[in-house]
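A.B. asks: Below is a structure I'd like to ask you about.
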């Protein structure tokens, strides 16, 4: 009941903020409609100002009500299997396996390392990890999946799991030393179907990675905290999450596609399971270093959202919170279209001396963005497990540029989903 009232308090506060935003936007819409089609103006203003006002407001107020630092749960001495899938990851898979086996975890760890038809020296590195890193209580089990596809590789690993709970870790992800104990302790204590870890960006080298540093640290973490507060984190990301073995097998494992982890999470929720978020289970993943790489990744994520919605409709979710968050996900398509077809043309018109769509009122979105970012930043920095080097340049790029880049990439993904373009892992 306490969780329910917090949800409605946050929603009510967000609606109040939305009403204020609408009141401020009415003159804006009227003025712009003198120069542009009224329907277009309403579509653009609602998508690039009013919808973000509600979404960010609801998330900010909810996270503020759940600001208390999470407690740590002990996993005991229970054994755990960790699935690591690798395709052409010669340069990093050995270090990833080492970071898992070096965890401060009291029970036995077995790493099931799946080589997914790699064309480089990945298999040799996995075998080297078995020879050099295996020891009592720490084991590496190499296996091969000759059919390309991450879902197929994950299912190959799942077939070999023998522990009550298991964890997935991407081959380019490094775990903080207590991450495994935190995430296994949480899923065992709560009896959830899955738990998403606090996935952050590895040290950034390029300006594209510096933007993503704050996307992971602030945006993605805030969304997962928001949804996880109501046991409905919509994505237990394959890069670092824990799962109930029986629940995953009952759901049929991973389905082949762009968003295999999204589809699985939706199915687990539809089966009545709970999907949590553990902020103290921290992992650092390599992010795309170029705009082309970022575009491919975010397009794939956008496709994955559609796959999840196709697998389980919002009204098919037994938990009202899960259906609500799925519905909010659909509204993101509107937001992306408004940014691309409203905000960007509005900026171009403003530069030509016609600030009809992108005038000073557009900046009213920024205070809540900055306030929300500051709140999440403070929460993350209170966690001793989080170790991220700040970058003012990266944060400015994130605030001013990242949403536009994200929306462009997402629209590309939506088009790929509509045309049913084939997905390739590690092209």
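Numbering (my numbering), first residue to last: 740 to 1166.
All residues carry an ideal CB built from backbone N, CA and C; glycine is no exception.
If you drop the 5 nearest sequence neighbours on each side, which residues of the same chain put their C-beta closer than 6 angstroms to that of residue 1156?
C.D. replies: 1042 and 1045
A.B. asks: Any chance you could list the alpha helix (DSSP H) runs of at least 4 consecutive residues sitting entirely within the stretch 863-899, in chain order?
C.D. replies: 889-897
A.B. asks: Closer than 6 angstroms to a non-hydrogen atom of the ligand MG - does that hold for the CB of residue 1095?
C.D. replies: No copy of the ligand MG appears in this structure; indeed no ligand is present at all.
A.B. asks: Beta carbon of residue 927, beta carbon of residue 1012: below 7 angstroms?
C.D. replies: For residue 927 and residue 1012, no; Cβs fall outside 7 angstroms.
A.B. asks: Express the C-alpha separation of residue 881 and residue 830 in angstroms, rounding to a whole number.
C.D. replies: 17 angstroms
A.B. asks: Counting only C-beta atoms, is residue 896 closer than 7 angstroms to chain D at any point?
C.D. replies: Note that chain D does not occur in the displayed structure, where there is just one protein chain.
A.B. asks: Please name the residue in 991, 1018 and 901 whose C-alpha comes closest to that of residue 712.
C.D. replies: Any question about residue 712 goes unanswered here, given that the chain covers just 740 to 1166.
A.B. asks: Have a look at 978, 812, 925 and 841 and flag the residue whose alpha-carbon is nearest the alpha-carbon of residue 683.
C.D. replies: Summary: the structure shown does not reach residue 683, with the chain confined to residues 740 through 1166, and so no result is reported for it.
A.B. asks: Looking at C-alpha atoms only, which residue of 1120, 871, 953 and 884 is the closest neighbour of residue 826?
C.D. replies: 884
A.B. asks: With contact counted as at least three CB pairs below 8 angstroms, one residue from each stretch, are the stretch 1050-1062 and the stretch 769-781 in contact?
C.D. replies: no
A.B. asks: To the nearest angstrom, how far is the alpha carbon of residue 812 from that of residue 838?
C.D. replies: 21 angstroms
A.B. asks: Using the Cβ count rule (16 or more neighbours within 10 Å means buried), how would you classify residue 746?
C.D. replies: buried
A.B. asks: Measuring alpha carbon to alpha carbon, tell me which of 877, 799 and 759 ends up nearest residue 963.
C.D. replies: Considering only alpha carbons, the answer is 799.
A.B. asks: So if DSSP puts residue 904 in a beta bridge, which residue, or which two residues, is it bridged to?
C.D. replies: 983
A.B. asks: Distance, Cα to Cα, residue 1153 vs residue 990?
C.D. replies: 26 angstroms
A.B. asks: With H, G and I counted as helix, E and B as strand and the rest as coil, what does DSSP make of residue 1085?
C.D. replies: Here residue 1085 sits in helix by DSSP.
A.B. asks: Do the stretch 986-1002 and the stretch 912-925 touch if we need at least three Cβ pairs shorter than 8 angstroms?
C.D. replies: Too few Cβ pairs lie closer than 8 angstroms, so no.
A.B. asks: My output table needs one value for residue 1022: the three-state DSSP class, helix, strand or coil.
C.D. replies: Here residue 1022 sits in strand by DSSP.
A.B. asks: Kindly provide the ranges of any alpha helix (DSSP H) runs that are 4 or more residues long and lie completely inside the stretch 1103-1157, ordered along the chain.
C.D. replies: Taking only runs of at least 4 residues, the alpha helix (DSSP H) segments lying wholly in the stretch 1103-1157 are 1104-1120 and 1131-1136.
A.B. asks: Is it a yes or a no for the stretch 870-879 touching the stretch 900-910, going by three-plus beta-carbon pairs under 8 angstroms?
C.D. replies: no
A.B. asks: Could you give the DSSP three-state label for residue 769: helix, strand or coil?
C.D. replies: helix
A.B. asks: Could you have a look at residue 973 and say whether DSSP puts it in helix, strand or coil?
C.D. replies: If DSSP states are grouped into helix, strand and coil, residue 973 belongs with coil.
A.B. asks: Do you know whose CA, among 743, 1048, 948 and 1020, lies nearest residue 1140's CA?
C.D. replies: 948
A.B. asks: Nearest to residue 941 by CA position, among 1125, 836 and 1038, is which residue?
C.D. replies: 1125
A.B. asks: Report yes if the C-beta distance between residue 797 and residue 749 is below 7 angstroms; otherwise report no.
C.D. replies: yes
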